[in-house]
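Here the sequence shown stands for residues 1 to 398, numbered as in UniProt numbering. Here the structure comes first, spelled out in C-alpha cells, and everything after it is commentary.
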Amino acid sequence: MKYDVTIIGAGIVGLSTAYNLSKEAPHLKIAVLEKENSIASHQTGHNSGVIHSGIYYKPGSAKATNCRNGYNLLLEFCKEEKIHHEICGKIIVATNSDEEKKLQNIYDRGVQNGLKGLKFLDENELKEKEPNVSGTKGIFVPQAGIVDYKEVSKKLFEKGNEKGVNFFFEKKVAAIKKENEGYEISTGDEVVTTKFLVNCAGLYSDKIAKMDGVNLNARIIPFRGEYYLLKDDKAKLVNNLIYPVPDPNFPFLGVHFTRRINGKVDAGPNAVLAFRREGYTKSDIDLIEFLESISYLGFIKVALKYWKVGAYEMYRSFSKKAFVKSLQKLVPQVKEEDLIVGEAGVRAQLCDKRGNLVDDFLIEQTKNGVHVVNAPSPAATSSLNIGKEITKRVLQSL
Numbered sequence: 001m002k003y004d005v006t007i008i009g010a011g012i013v014g015l016s017t018a019y020n021l022s023k024e025a026p027h028l029k030i031a032v033l034e035k036e037n038s039i040a041s042h043q044t045g046h047n048s049g050v051i052h053s054g055i056y057y058k059p060g061s062a063k064a065t066n067c068r069n070g071y072n073l074l075l076e077f078c079k080e081e082k083i084h085h086e087i088c089g090k091i092i093v094a095t096n097s098d099e100e101k102k103l104q105n106i107y108d109r110g111v112q113n114g115l116k117g118l119k120f121l122d123e124n125e126l127k128e129k130e131p132n133v134s135g136t137k138g139i140f141v142p143q144a145g146i147v148d149y150k151e152v153s154k155k156l157f158e159k160g161n162e163k164g165v166n167f168f169f170e171k172k173v174a175a176i177k178k179e180n181e182g183y184e185i186s187t188g189d190e191v192v193t194t195k196f197l198v199n200c201a202g203l204y205s206d207k208i209a210k211m212d213g214v215n216l217n218a219r220i221i222p223f224r225g226e227y228y229l230l231k232d233d234k235a236k237l238v239n240n241l242i243y244p245v246p247d248p249n250f251p252f253l254g255v256h257f258t259r260r261i262n263g264k265v266d267a268g269p270n271a272v273l274a275f276r277r278e279g280y281t282k283s284d285i286d287l288i289e290f291l292e293s294i295s296y297l298g299f300i301k302v303a304l305k306y307w308k309v310g311a312y313e314m315y316r317s318f319s320k321k322a323f324v325k326s327l328q329k330l331v332p333q334v335k336e337e338d339l340i341v342g343e344a345g346v347r348a349q350l351c352d353k354r355g356n357l358v359d360d361f362l363i364e365q366t367k368n369g370v371h372v373v374n375a376p377s378p379a380a381t382s383s384l385n386i387g388k389e390i391t392k393r394v395l396q397s398l
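See below:
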C-alpha cells in the first residue's frame, strides 16, 4: 500500500488532521492507521465533554492559541454538522481568601487570551448561578460549553471517508523504517509505504516519535482520572460546570462538577499514576509499562516533587469518603450515597528528564514527519485548529 500521507491514530486529533488534509489537498492519497477496531477509543472516547474557553493558559502559548482558534472552529463545525452542543458557561469558585487572590490572575489571563464577558461573582451571585455551591467569590466564564466529542469524531470520520481518506483498523505500528524520501511502516501483517508521516498516537506518541529518530528527552507518563457520577435524582444539585481554583503548582485542575450533554453530572477527576498506558482501572496492569514509568528519572523527580499531592490523590482513589470530602468543598450537600462509580480516562502527560510535566502542547517535526507528542487538555477543544496547523506543515513539506 502506497500513500502520500499516513496518519497514525484515529483519535480526535488524527481525525481532524485527516479531515483538514483531505479538504485542503484532495489530490493526496491519505491513510489513517488505528490499532483499535474503532475511532476515538482512548483519550477522545473517555473525554469529559467540556468545550474549554482558554481562560487558564499562558498567553501566547500553543495551548492558548490553539484553544481559542480551535474553539471557534469547533463551534462552527458543530453548527454546520448539526452536532448537539451547548454554551452554558462555567464558574470557577474560590472557597477561602488564598484562593480569592488567585482568581485575579486567572481573570487577567482570560482577558489576555481574548475572552469577553468574564465576570467576578460575589457569594450571592455565585448562588444565583449555582444555588448549591459554597464559595466566597468566583468568576463566571460565559464561553465554556459541553459536547460529546465521540459525536464530533464520528462526523470527522464520515467527512474524511467522503473525501476518500483510507481508514485501516486493528493496525498496530510495529516498526518505522526510513526509505528513500519517505517511510515503510510495518503493522506486523503488512507494510505501508508513505511519503509523509503524522503521529497522533496519543498515549504511545513518544514511542512512535522515537521510531522516527526524534530525540525527545521526555516520556509519556499515563495519569488515570477517575470520576463518580451523581445519581439521576441528585443531578439537579448542579446546573452546569463548577470548577475549583486550580493549584498553580500542580498541572491538573482538581475535582470539579461537569454536566454532560446527556444531562448526567460527572464529579471528578482525581489524578493517579496508571499502571499501564491504557490502564482505566486499578487492576489494569502491564508490568513492563509500569516499570518503564516508575524507573524513568524524570518521573522519579516528579514523584519526589509532588509526593504529598500524589499520596493524597492515591488515597482519594481508594477512599470514596475522601473523594466526597473534596467535592463537598464546592457543593456541601453531596453525600457518599449520592454517587456511583463513573468512567475513568487516562491522560497522556509528557514528562521531561528534569522532572517537569510539560505544560504546553508539543509538536515535533522531522524532514518527512510531524509528531504530536504532548496534547493533553484542551486538545479536544483545540483539535480542529491542531489539524489545520498540521495540514499546513504537511503541505509545506511535500
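Even for Gly, the Cβ is constructed at its ideal location relative to N, Cα and C.
Here L121 has G138 and F140 as same chain residues with Cβ atoms under 6 Å from its own Cβ, once five neighbours each way along the sequence are excluded. Assigned with DSSP and collapsed to three states, I288 falls in helix.
When the five nearest sequence neighbours on each side are left out, the beta carbons in the same chain lying within less than 6 Å of the beta carbon of K301 are those of G355, in order along the chain. Taking a 10 Å sphere around the C-beta of E278, we find 16 or more other C-beta atoms and assign the residue as buried. Distance from V93 to P244 at the Cβ level is roughly 6 Å; contact confirmed, criterion being Cβ atoms closer than 8 Å. In its chain, beyond the 5 residues on either side, A18, Y19 and S22 have a beta carbon closer than 6 Å to the beta carbon of G160.
In the displayed model, E181 falls within coil according to three-state DSSP, outside both helix and strand.
Taking C-alpha positions only, V191 is separated from R259 by approximately 44 Å. Beyond the five residues adjoining it in sequence on each side, H42 comes within less than 8 Å, by CB distance, of G11, E36, G202, L203, E278 and V346 in the same chain, given in chain order. Beyond the five residues adjoining it in sequence on each side, G310 comes within less than 7 Å, by CB distance, of A303 in the same chain, given in chain order. Straight across, the Cα-Cα distance linking W307 with V255 is about 18 Å. Comparing C-alpha distances from Y149 to each of G225, I51 and E100 shows the shortest one belongs to I51. In the three-state DSSP reduction, S382 falls in the helix class (H, G or I). Between C88 and G145, the gap from beta carbon to beta carbon is short of 8 Å. By the C-beta criterion, the segment 260 to 267 is judged not to be in contact with the segment 165 to 180, since fewer than 3 inter-stretch pairs fall below 8 Å. L15 is the residue among E292, S283 and L15 whose C-alpha sits nearest the C-alpha of E151.
Where K119 is concerned, the enclosing beta strand (DSSP E) starts and stops at K119 to D122.
When the beta-carbon positions are compared, G225 and A64 stay at least 8 Å from each other. A Cβ-Cβ distance of about 6 Å is found for the pair I261 and H84, placing them in contact under the 8 Å criterion.
Annotation for F275: no beta strand (DSSP E) segment contains it, and DSSP assigns it neither H nor E. For R224, the enclosing beta strand (DSSP E) stretches over residues A218 to L230. Inter-residue distance for I8 and V372 is about 10 Å (C-alpha atoms, whole angstroms). Ranked by Cα distance from L241, the options E76, K58 and E86 are led by E86. Put simply, the backbone Cα of G49 is about 24 Å away from that of P332.
Here Y315 is exposed, its C-beta having fewer than 16 other C-beta atoms within 10 Å.
Judged by beta-carbon spacing, D4 lies within the 8 Å limit of L28, meaning their Cβ atoms are closer than that value. With respect to L74, T381 sits close: the two C-beta atoms are nearer than 8 Å.
Only buried fits D206, as 16 or more other CB atoms lie within 10 angstroms of its CB. The three-state secondary structure of G138, taken from DSSP, is strand. With a beta-carbon spacing of about 43 Å, K335 and L297 fall beyond the 8 Å limit used to define contacts. Note on G54: 16 or more other CB atoms within 10 angstroms of its CB, so buried under the neighbour-count rule. Every beta strand (DSSP E) of 3 residues or more that sits fully in the segment 85 to 118 is shown, in chain order, as 90 to 94. When secondary structure is reduced to three states using DSSP, L28 falls in the coil class, being assigned neither helix nor strand. With a contact defined as Cβ atoms closer than 8 Å, T187 and G135 miss out at about 52 Å. Rounded to whole angstroms, the separation of the alpha carbons of T6 and I185 is 9 Å. Taking C-beta atoms under 8 Å as the contact rule, N105 and R68 fail to qualify, at a distance of about 18 Å.
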